[in-house]
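To start, the structure itself, in structure tokens.
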Amino acid sequence: MKKQAVSVMTAALLSSTFAGIASADTYTVKKGDTLSHIASTYKTSVTELKKTNKLSSDLIYANQTLTVPPFAQKTTASSPVAVKLASVKKAELYTVKSGDTLSKIAASNKIKLADLMSWNGIDGHLIYPGQKLKVSGGTAVKEAVQTVPAKKEPAKPASPVQTPAKTAQSNYIIKSGDTLSKIALQYNMTVKQLKELNKLSSDLIFVGQKLKVSNQAETKDKVTTDTTAQKPVQTSEPDIISIAKEYMGVPYVWAGSTPDGFDCSGFIYYAYNKAGKQMGRYSSEGYYNRSFYVNEPQPGDLVFFENTYKKGISHMGIYLGNNEFIHAGTSGGVMISSLSETYYAKHFEGFKRFY
8 MKKQAVSVMT
18 AALLSSTFAG
28 IASADTYTVK
38 KGDTLSHIAS
48 TYKTSVTELK
58 KTNKLSSDLI
68 YANQTLTVPP
78 FAQKTTASSP
88 VAVKLASVKK
98 AELYTVKSGD
108 TLSKIAASNK
118 IKLADLMSWN
128 GIDGHLIYPG
138 QKLKVSGGTA
148 VKEAVQTVPA
158 KKEPAKPASP
168 VQTPAKTAQS
178 NYIIKSGDTL
188 SKIALQYNMT
198 VKQLKELNKL
208 SSDLIFVGQK
218 LKVSNQAETK
228 DKVTTDTTAQ
238 KPVQTSEPDI
248 ISIAKEYMGV
258 PYVWAGSTPD
268 GFDCSGFIYY
278 AYNKAGKQMG
288 RYSSEGYYNR
298 SFYVNEPQPG
308 DLVFFENTYK
318 KGISHMGIYL
328 GNNEFIHAGT
338 SGGVMISSLS
348 ETYYAKHFEG
358 FKRFY
């Protein structure tokens, strides 16, 4: 009798889960999401997700609405859907070694830094040699598979998207992690306009500072029924990732900081200045000291490496998302590499963002 009850509960759970996935046709991006993660959740591909939403890059942002191909449309009524049943197992443990950082441990175990901190109840970045950390969520998949007949449901009409009203001029209080570029994008402005409005002579801002964020009235309660996802507002300020990719293949030159040749920090200096962020020419270590750690890296953030050709911070690049970064490497000039590659995973130090 008990086995029969368990079977009924399992079938109900699987049916409920499948029906929820099949009817979904939009998804609101949450902080830390990537196209790869969303595509995996909805059993589709990054290519199809970008094509559906007319995305030209992997860049997405929090609260963005994406159109997701309903899972039911990818199967026929006669095609069974295989559902794997999960069972709990003990989480894998990692013993901290001298020189380790949370970011480095997360990258080497191919997990998110935020997950690593959550699983271990860590609020800051302080760890110590000998400490044992959970490096998995503690779940595994059984070999047993149960099939559930696919049920095709009609696509639901897209809901109107409400755009918040903005006043002719309002104030914004800076929070930790904010940059002028991020604030300008949020309020449909350029960095230049934001600096002029606030009479700023540099890009330096601080937590708690109050900024004026708009200088002209915008239409209130704008409603759109466009079924495609809303893309980030394109400002006149060039996008750092687009700029960086323009120089793919430029050769590596020691101390180089022009399109004739770059070293790793010279590439950062040139790309960010061209994107409108004025900064001095420093080494990788210099930029490391002028940036702060981020738990959930976004495309455009910095990625640092240590103990490559010298002890300490010695290499850097620009994070692209999907565990990839663009940098000026000694072997191939400006190129895109993966943090999963053995060499970079071994020397990875962390993700940071300019103040």
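Using the working numbering, you'd call the opening residue of the sequence shown number 8 and step up by one each time.
Every residue, glycine too, gets a C-beta built ideally from N, C-alpha and C.
These numbers were taken from a predicted model, which means no experiment stands behind them.
**OP:** Could you spell out where the beta strand (DSSP E) holding Phe312 opens and where it closes?
**Re:** Boundaries of the beta strand (DSSP E) harbouring Phe312: 309–313, taken from the DSSP string.
Original post:
Could you check where the alpha helix (DSSP H) with Met124 kicks off and where it finishes?
Top reply: It spans 120–126 - the alpha helix (DSSP H) in which Met124 sits, taken as one unbroken run.
**OP:** Identify the continuous alpha helix (DSSP H) that holds Phe274 and give its terminal residues.
**Re:** In the DSSP annotation of this structure, the continuous segment of the alpha helix (DSSP H) that includes Phe274 starts and ends at 271–281.
Original post:
By a C-beta neighbour count over all protein chains shown, 10 Å radius and 16 as the cutoff for buried, is Ser47 buried or exposed?
Top reply: Under this definition Ser47 is an exposed residue.
Original post:
What is the rounded straight-line gap between the Cα of Ala278 and the Cα of Gln200?
Top reply: Whole-angstrom Cα-Cα distance: 20 Å.
**OP:** Take Lys189 as the anchor and find which of Lys206, Lys57, Ser345, Asp246 has the nearest alpha-carbon.
**Re:** Among Lys206, Lys57, Ser345, Asp246, the Cα nearest to that of Lys189 is on Asp246.
**OP:** Determine contact between the segment 345–362 and the segment 51–60, defined as no fewer than three beta-carbon pairs at a distance below 8 Å.
**Re:** Cβ pair count under 8 Å is below three, so no.
Subject >> Span separating the alpha-carbon of Asp185 from that of Tyr194 >> reply: If you draw a straight line from the Cα of Asp185 to the Cα of Tyr194, it comes to about 13 Å.
**OP:** With a 10 Å radius around its C-beta and 16 neighbouring C-beta atoms as the bar for buried, classify Phe332 as buried or exposed.
**Re:** Residue environment for Phe332: buried (at least 16 other C-beta atoms within 10 angstroms of its C-beta).
**OP:** Find out if the Cβ-Cβ distance for the pair Ile320, Glu292 is shorter than 7 Å.
**Re:** Less than 7 Å divides the Cβ of Ile320 from the Cβ of Glu292.
Original post:
In chain order, what residues of the same chain lie with their CB nearer than 8 Å to the CB of Val301, ignoring the 5 residues before and after it?
Top reply: Excluding sequence neighbours, Val301 sits near Gly184, Asp308, Phe358, Lys359, Arg360.
Original post:
Using CA coordinates, which residue listed in Tyr276, Gly336, Thr315, His354 is at the minimum distance from Val260?
Top reply: The candidate whose alpha carbon is nearest that of Val260 is Gly336.
**OP:** Ignore the nearest five residues each way along the sequence and tell me which others in Val6's own chain have a CB closer than 8 Å to its CB.
**Re:** Nothing in the structure corresponds to residue 6, since the chain is present only between 8 and 362.
Original post:
Thinking C-alpha only, which one of Asn330, Val341, Ser338 is nearest Ser110?
Top reply: Taking only the C-alpha atoms, the option nearest Ser110 is Asn330.
Original post:
Do the CB positions of Asn205 and Lys219 come within less than 7 Å of each other?
Top reply: Between Asn205 and Lys219, the gap from beta carbon to beta carbon is short of 7 Å.
Original post:
When DSSP labels each residue in this structure, what does Ala335 get in the three-state scheme?
Top reply: Residue state, collapsed to three classes: strand.
Subject >> Where Pro306 falls, given that 16 or more other Cβ within 10 Å makes a residue buried >> reply: Pro306 should be labelled buried.
Subject >> Close Cβ partners of Asn314 (< 7 Å) along its chain, the five nearest in sequence each way excluded >> reply: Ser321, His354, listed in sequence order.
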